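Peer 1:
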Amino acid sequence: MAVKVLNPGLSTTVQDLGRPGYFHLGIPIGGAMDRLALRAANLIVGNDEGAAGLEAVFIGPQLEFTRDALIAVSGADMPIKLDGEEKPSWTGLKVKAGQVLSFGFLKTGARIYIAIAGGIDVPIALGSRSTYPIGALGGFKGRAIAKGDELPVGNAGSGKEGQSVPEALRRRPGMPAELRVLPGLYWHRVTEQSHQNFFDDQWKVAPEADRMGYRFRGGRPLQFVERDQPFGAGSDPSNIVDSCYPYGSIQVPGGTEPIILHRDAVSGGGYFMVGTVVSADMDLIGQLQPNTPTRFVKVDMDGALKARADRAALLDRIRSVFN
Amino acid sequence: MKNRYSFGGDEHLFVECDESMSLEAFFKSLSMTNAVRDSQIRGVTEICPANASFQIKFNPDIIRPDDMLREVQAIESAASKTDPVIATRIIEIPVFYQDPWTHETLMRFRERHQDPQATDLEYAARINNYSTVDDFIAAHAGSPWFVSMVGFVAGLPFMYQMVDRPRQIQVPKYLRPRTDTPKLTIGYGGCFSCIYSVRGAGGYQMFGITPMPIFDPEQKTSYLRDFMVFFRPGDIVKFKPIGREEYDHTVEEVAAGRFAPAISDVTFDLREFQKDIDGYNARLEGMINGR
Numbered sequence: 006m007a008v009k010v011l012n013p014g015l016s017t018t019v020q021d022l023g024r025p026g027y028f029h030l031g032i033p034i035g036g037a038m039d040r041l042a043l044r045a046a047n048l049i050v051g052n053d054e055g056a057a058g059l060e061a062v063f064i065g066p067q068l069e070f071t072r073d074a075l076i077a078v079s080g081a082d083m084p085i086k087l088d089g090e091e092k093p094s095w096t097g098l099k100v101k102a103g104q105v106l107s108f109g110f111l112k113t114g115a116r117i118y119i120a121i122a123g124g125i126d127v128p129i130a131l132g133s134r135s136t137y138p139i140g141a142l143g144g145f146k147g148r149a150i151a152k153g154d155e156l157p158v159g160n161a162g163s164g165k166e167g168q169s170v171p172e173a174l175r176r177r178p179g180m181p182a183e184l185r186v187l188p189g190l191y192w193h194r195v196t197e198q199s200h201q202n203f204f205d206d207q208w209k210v211a212p213e214a215d216r217m218g219y220r221f222r223g224g225r226p227l228q229f230v231e232r233d234q235p236f237g238a239g240s241d242p243s244n245i246v247d248s249c250y251p252y253g254s255i256q257v258p259g260g261t262e263p264i265i266l267h268r269d270a271v272s273g274g275g276y277f278m279v280g281t282v283v284s285a286d287m288d289l290i291g292q293l294q295p296n297t298p299t300r301f302v303k304v305d306m307d308g309a310l311k312a313r314a315d316r317a318a319l320l321d322r323i324r325s326v327f328n
Numbered sequence: 005m006k007n008r009y010s011f012g013g014d015e016h017l018f019v020e021c022d023e024s025m026s027l028e029a030f031f032k033s034l035s036m037t038n039a040v041r042d043s044q045i046r047g048v049t050e051i052c053p054a055n056a057s058f059q060i061k062f063n064p065d066i067i068r069p070d071d072m073l074r075e076v077q078a079i080e081s082a083a084s085k086t087d088p089v090i091a092t093r094i095i096e097i098p099v100f101y102q103d104p105w106t107h108e109t110l111m112r113f114r115e116r117h118q119d120p121q122a123t124d125l126e127y128a129a130r131i132n133n134y135s136t137v138d139d140f141i142a143a144h145a146g147s148p149w150f151v152s153m154v155g156f157v158a159g160l161p162f163m164y165q166m167v168d169r170p171r172q173i174q175v176p177k178y179l180r181p182r183t184d185t186p187k188l189t190i191g192y193g194g195c196f197s198c199i200y201s202v203r204g205a206g207g208y209q210m211f212g213i214t215p216m217p218i219f220d221p222e223q224k225t226s227y228l229r230d231f232m233v234f235f236r237p238g239d240i241v242k243f244k245p246i247g248r249e250e251y252d253h254t255v256e257e258v259a260a261g262r263f264a265p266a267i268s269d270v271t272f273d274l275r276e277f278q279k280d281i282d283g284y285n286a287r288l289e290g291m292i293n294g295r
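In structure tokens form, the structure reads like this:
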């Protein structure tokens, strides 16, 4: 045991890069909402990029280290304190046995990632250490961490104190946040005018925003193309025969409030979807606070692949810092 | 019935076999996902069948989206030439209809229901023109069901009954979803039955409960030691009505590690099924436990 939870924060979970391969059974990929931030924190402390760390949302935990450790905190901008003394983010920090890591109030962003050299060594469940609380699967006993928990940590590698990710390589959402969307899926269910409005309007993150999905408000309601509802679809025009839901897909129940499904997505359901946030921008959603003004930006497949390549190039630049 | 293809961002290919639910659309979704799995296309990471559609997750760094689309379209044209036959299994699921636990729960959420004066079963029986709840239960348990999708949350099966469309039961979901549903509740919404794999929120009407766990992340249940999720898309399910005594007994047997679900491997042929639905179903049921 190496880390004792003095205070868990709001909802702090063990996450790695997720468990692909079980979505057809309703078990989502899970893993860090902001994957770039977790990878970066792991690189700083000399871990594999996919080592398990802690993801904390809005409020940081208070952790006591029972042995010396090398740690890094990335992601949202939230003051980091070791025994009350402020420390830099995105930087390798030496922690002495007995020291307490705590956090100040969140400034920007939504989620911090705490990587510890050696990684959080909870048992692997279906190929991953990520926590899936609905299924009581993975992580620390299948749930968010709680006061009094003692988190096991693996053996540290070759990370060094003081290494950091340069400011320019820390990716953050803009203001307003811009999320690139490839229209599709059931896009044809709404009118041309609504197609236009969806991308013209400014939306705002609703309070209902978590690892499963992010809800948005404030844009004009979508108008549906009239049709007789197909057998099995249900009576509301926003209903479809229950289908799979892609990660990042945007469903709009009743045509009013778009919901973007995230890492802990439900795998399917009966609401039509207007399109999908490109894979490259999923990390950004993980850093959106409620009330953040947000624009959806229309891209085609070439635009989506370009965004993907840009993100991969950014990750390569982060990696090159540590080689 | 021709597929409609659409990309879900840069990592998903979404394929709608039909806008409407039907056994034919489900069968096409299932057989195509089987064919995609067998073809072992490089870069495919997840293959998810749904009721009348399916989804393939792929890594566009390994296979370009357009190439992915072409591969699956080629499988569609090949699939139209192969026999509509799948190998699957039939499973008997004991159900305690009108049990006290779902009854207690539905009474708590009456103000969210279309018909607060009736139970979920009374309401479902009436709007489907059954004169008694017993007749309705006889129809629900009388013909088998295809597991047309596993998901929403961990291990939850959606099931579509293997009868022709005029005999399909249809029931709307609750007006507003409940915040609670007992674990292992047999639910109904639209034209689908389901089994709630975990306790939690839900909007489906509640008909009964099964004593048989279907999801066990700790893998302590005897028949879930190899894998924590019981159902697979394409499974055929037959509900067996049981009373309180058998329910309690089964719960004890499960806890003692002695319960084994009745399962048989079967071959399903869509053409033979369509020629004589009831006769075909009767033969399928006869195969449970090799009877």
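Sequences listed follow chains A and B, in order.
If you read the first sequence in our numbering, its first letter stands for residue 6, the second for the next number, and so on.
If you read the second sequence in our numbering, its first letter stands for residue 5, the second for the next number, and so on.
Backbone N, C-alpha and C fix where the C-beta goes; we use that ideal spot for every residue, glycine too.
Computed from a predicted model, the values in this text were never measured in an experiment.
Got a sec, what are the start and stop residues for the alpha helix (DSSP H) His-16/B sits in?
Peer 2: Counting from 1 along the second sequence, the entry for residue 16/B is found at position 12. No alpha helix (DSSP H) contains His-16/B, which is instead part of the beta strand (DSSP E) from 16-20.
Peer 1: Beta-carbon of Ala-143/B versus every beta-carbon of chain A: anything under 8 Å?
Peer 2: On the second sequence, position 139 is the one that residue 143/B refers to. For Ala-143/B, the answer is no, since every Cβ of chain A falls outside 8 Å of its Cβ.
Peer 1: Measure the Cβ-Cβ separation of Leu-227/A and Ala-7/A and say whether it is below 8 Å.
Peer 2: Locating residue 227/A in the first sequence gives position 222, counting from the first residue. Locating residue 7/A in the first sequence gives position 2, counting from the first residue. No, these two residues do not count as a Cβ contact at 8 Å.
Peer 1: Let's test the definition: count the other Cβ atoms within 10 Å of the Cβ of Glu-108/B and tell me whether it reaches 16, buried, or not, exposed.
Peer 2: As a working mapping, residue 108/B is identified with position 104 in the second sequence. Answer is exposed; the Cβ neighbour count stays below 16.
Peer 1: Residues of the region 128-158 of chain A with a CB closer than 9 Å to any CB of chain B: list them in chain order, please.
Peer 2: Ala-130, Leu-131, Tyr-137, Ile-139, Gly-140, Ala-141, Leu-142, Gly-143 and Gly-147
Peer 1: Can you tell me which of Ala-37/A, Arg-44/A and Ala-45/A puts its alpha carbon nearest to the alpha carbon of Val-62/A?
Peer 2: Stepping through the first sequence from its first residue, residue 62/A is reached at position 57. Minimum Cα distance to Val-62/A is reached at Ala-37/A.
Peer 1: Buried or exposed: which applies to Ile-97/B, given that a residue is buried once 16 or more other Cβ atoms fall within 10 Å of its Cβ?
Peer 2: Indexing the second sequence from 1 puts residue 97/B at position 93. It is buried - the Cβ of Ile-97/B has at least 16 other Cβ atoms within 10 Å.
Peer 1: For the region 78-89 of chain A against the region 116-130 of chain A, do three or more pairs of beta-carbon atoms, one drawn from each stretch, fall closer than 8 Å, so that the two count as touching?
Peer 2: With the cut-off at 8 Å, the region 78-89 of chain A and the region 116-130 of chain A touch.
Peer 1: Count Cβ pairs between the region 6-24 of chain B and the region 189-202 of chain A that sit closer than 8 Å; are there 3 or more?
Peer 2: yes
Peer 1: From Tyr-200/B to Val-326/A, what does the alpha carbon distance come to, in whole angstroms?
Peer 2: For the purposes of this step, residue 200/B is taken as the residue at position 196 of the second sequence. For the purposes of this step, residue 326/A is taken as the residue at position 321 of the first sequence. Those two C-alpha atoms are separated by around 48 Å.
Peer 1: When you compare each of Arg-300/A, Gly-123/A, His-200/A and Gly-147/A to Lys-165/A by their alpha carbons, which one comes out closest?
Peer 2: Residue mapping note: residue 165/A aligns to position 160 of the first sequence, counting from 1. It is Gly-123/A.
Peer 1: Any beta carbon from chain B within less than 8 Å of Ser-330/A's own beta carbon?
Peer 2: Since the first and last residues shown for chain A are 6 and 328, residue 330/A lies out of range.
Peer 1: Under 8 Å, do Phe-249/A and Phe-272/B count as touching if we go by C-beta distance?
Peer 2: The residue labelled residue 249/A in the question sits at position 244 within the first sequence. The residue labelled residue 272/B in the question sits at position 268 within the second sequence. The sequence as given places Cys at residue 249/A; Phe does not occur at that position. Contact flag unset, no.
Peer 1: May I have the straight-line CA-CA distance separating Thr-189/B from Lys-224/B, to the nearest angstrom?
Peer 2: Taking the first residue of the second sequence as 1, we reach residue 189/B at position 185. Taking the first residue of the second sequence as 1, we reach residue 224/B at position 220. Distance between the alpha carbons of Thr-189/B and Lys-224/B: 21 Å.
Peer 1: List, in order along the chain, the chain A residues whose C-beta lies closer than 7 Å to that of Met-153/B?
Peer 2: Here residue 153/B refers to the residue found at position 149 of the second sequence. Here the neighbours are Asp-247 and Gly-273.
Peer 1: Check each candidate in Gly-191/B, Ala-158/B, Cys-52/B and Gly-290/B and name the one with the smallest Cα separation from Ile-218/B.
Peer 2: Locating residue 218/B in the second sequence gives position 214, counting from the first residue. Closest by alpha carbon: Ala-158/B.
Peer 1: Could you check where the beta strand (DSSP E) with Lys-242/B kicks off and where it finishes?
Peer 2: By 1-based counting over the second sequence, the position of residue 242/B is 238. For Lys-242/B, the uninterrupted beta strand (DSSP E) run begins and ends at 240-245, by DSSP.
Peer 1: If we ignore side chains and look at the alpha-carbon of each, how far apart do Ser-284/A and Tyr-27/A end up?
Peer 2: Here residue 284/A refers to the residue found at position 279 when the first sequence is read from its first residue. Here residue 27/A refers to the residue found at position 22 when the first sequence is read from its first residue. Approximately 19 Å, taken between the alpha carbons.
Peer 1: Does the beta carbon of His-29/A come closer than 8 Å to any beta carbon on chain B?
Peer 2: Indexing the first sequence from 1 puts residue 29/A at position 24. Yes, His-29/A counts as interfacial toward chain B.
Peer 1: Under DSSP, the alpha helix (DSSP H) around Val-258/B begins and ends at which residues?
Peer 2: Counting from one through the second sequence, the residue named residue 258/B turns up at place 254. From DSSP, the alpha helix (DSSP H) with Val-258/B extends over 248-259.
Peer 1: Answer yes or no: do Val-167/B and Pro-237/B have a C-beta to C-beta separation smaller than 8 Å?
Peer 2: Mapped onto the second sequence, residue 167/B falls at position 163. Mapped onto the second sequence, residue 237/B falls at position 233. No; because the gap between Cβ atoms is not below 8 Å, this pair is not in contact.
Peer 1: Using the Cβ count rule (16 or more neighbours within 10 Å means buried), how would you classify Ser-84/B?
Peer 2: The sequence position of residue 84/B within the second sequence is 80, counting from 1. With fewer than 16 Cβ atoms within 10 Å of its Cβ, Ser-84/B is classed as exposed.
Peer 1: Would you tell me roughly how many angstroms separate the C-alpha atoms of Asn-244/A and Gly-280/A, rounded to the nearest one?
Peer 2: Taking the first residue of the first sequence as position 1, residue 244/A is located at position 239. Taking the first residue of the first sequence as position 1, residue 280/A is located at position 275. Near 15 Å, if we compare the C-alpha coordinates of Gly-280/A and Asn-244/A.
Peer 1: Asn-12/A lies in the beta strand (DSSP E); which residues open and close that run?
Peer 2: Counted from its first residue, the first sequence places residue 12/A at position 7. Where Asn-12/A is concerned, the enclosing beta strand (DSSP E) stretches over 8-12.
Peer 1: If I measure Cβ to Cβ from Ser-199/A and keep anything under 6 Å in the same chain, skipping five residues before and after, which residues do I get?
Peer 2: By 1-based counting over the first sequence, the position of residue 199/A is 194. The residues are Leu-227 and Gln-228.
Peer 1: Candidates Ala-238/A, Arg-268/A, Phe-301/A and Gly-308/A: which alpha carbon is nearest Trp-208/A's?
Peer 2: Against the first sequence, residue 208/A aligns to sequence position 203. That would be Phe-301/A, whose Cα lies nearest to the Cα of Trp-208/A.
Peer 1: With a threshold of 16 other CB atoms inside 10 Å of the CB of Leu-187/A, please say whether the residue is buried or exposed.
Peer 2: Counted from its first residue, the first sequence places residue 187/A at position 182. The residue in question, Leu-187/A, is buried, as its Cβ has 16 or more Cβ neighbours within 10 Å.
Peer 1: If you check the beta carbons only, do Ala-91/B and Asp-220/B fall under 8 Å apart?
Peer 2: Here the question's residue 91/B lines up with position 87 in the second sequence. Here the question's residue 220/B lines up with position 216 in the second sequence. Not in contact: Ala-91/B and Asp-220/B (Cβ atoms no closer than 8 Å).
Peer 1: Would Leu-15/A be called buried (16 or more neighbouring beta carbons within 10 Å of its own) or exposed?
Peer 2: By 1-based counting over the first sequence, the position of residue 15/A is 10. By the 10 Å Cβ count, Leu-15/A comes out exposed.
Peer 1: Does the beta carbon of Phe-18/B come closer than 8 Å to any beta carbon on chain A?
Peer 2: On the second sequence, position 14 is the one that residue 18/B refers to. Interface residue, yes.
Peer 1: In this structure, how does DSSP classify Leu-293/A when only helix, strand and coil are distinguished?
Peer 2: Position 288 of the first sequence holds residue 293/A. Three-state result, Leu-293/A: coil.
Peer 1: In three-state terms, what does DSSP make of Phe-231/B?
Peer 2: Translated into the one-based positions of the second sequence, residue 231/B becomes position 227. Judged by DSSP in its simplified three-state form, Phe-231/B adopts coil rather than helix or strand.
Peer 1: By the criterion of Cβ-Cβ separation under 8 Å, what are the contact partners of Ser-24/B in chain A?
Peer 2: Against the second sequence, residue 24/B aligns to sequence position 20. The answer, in chain order, is Pro-235, Phe-236, Gly-237, Ala-238 and Val-246.
Peer 1: According to DSSP, simplified to helix, strand and coil, what is Ser-201/B?
Peer 2: If you number the second sequence from 1, residue 201/B lands on position 197. In the structure shown, Ser-201/B sits in coil (DSSP, three-state: anything other than H, G, I, E or B).
Peer 1: Just mark Glu-90/A as buried or exposed, buried being the case when its beta carbon has 16 or more other beta carbons within 10 Å.
Peer 2: Within the first sequence, residue 90/A is the residue found at index 85, counting from 1. Flag for Glu-90/A reads exposed.
Peer 1: Is the separation between the beta-carbon of Phe-221/A and that of Val-230/A shorter than 8 Å?
Peer 2: Residue 221/A sits at position 216 when you count from the first residue of the first sequence. Residue 230/A sits at position 225 when you count from the first residue of the first sequence. Cβ atoms of Phe-221/A and Val-230/A: not closer than 8 Å.
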